[in-house]
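What follows is one structure encoded as structure tokens, with my remarks underneath.
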Amino acid sequence: MNETIARIISQCEKLSEDEMNMVTDGLSRGFDRRIQNLILELTTFSHDELVITSNVISGLILTKENVPDMIEAHEQFKGTALPNTITFGRIIKD
């Protein structure tokens, strides 16, 4: 459990104060209890709650790191004629 807590603390260092508040509020609703200070209260979390917390923070970090790339890609293709359909070709059964 200490490894999971250490990983969560390390993940939290990548978040702004507003993002930490958002995570704390979301976890409070999800766990149906008030969490005042996420870092200080990690030792009171069950293993399952720690896993959920780590996954939530990982997802937020992943989104922060990749959304700018998606916005940039969208802007690059703005105004170009992109196909409206997706096809995979023929699938041959063995």
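Note that our numbering numbers the sequence shown so that position 7 is 503, with each residue one more than the last. Ideal placement from N, C-alpha and C gives every residue a C-beta, glycine not left out. Quick caveat, the model's predicted, so the values are computed rather than measured.
From the options, residue whose alpha carbon lies closest to that of residue i
i: Thr520; options: Met497, Ser550 and Asn498; result: Ser550
i: Gly522; options: Asp565, Ile548, Ala569 and Pro579; result: Ile548
i: Asn517; options: Arg529, Ile504, Arg503 and Asn533; result: Asn533
Whether residue i touches residue j by CB criterion (7 Å)
i: Ser524; j: Ile531; result: yes
i: Ile501; j: Leu558; result: no
i: Ile553; j: Gln507; result: yes
Beta-carbon contacts of residue i that lie in its chain and below 8 Å, excluding the five residues immediately before and after
i: Asn498; result: none
i: Ile567; result: none
Chain-order list of residues whose beta-carbon lies under 7 Å from that of residue i (same chain, five-residue window excluded)
i: Phe541; result: Thr549
i: His543; result: Met497
The ligand NAP heavy atom lying under 6 Å from the CB of residue i
i: Gln532; result: Only the bare structure without any ligand can be found here, which leaves the ligand NAP out of the picture.
Distance between beta carbons of residue j and residue i, contact taken as under 8 Å
i: Glu545; j: Phe527; result: 6 Å
i: Leu511; j: Leu556; result: 7 Å
If you scan the stretch 513-558 from start to end, which runs of the alpha helix (DSSP H) of 4 or more residues do you find wholly inside it? 513-527 and 534-537
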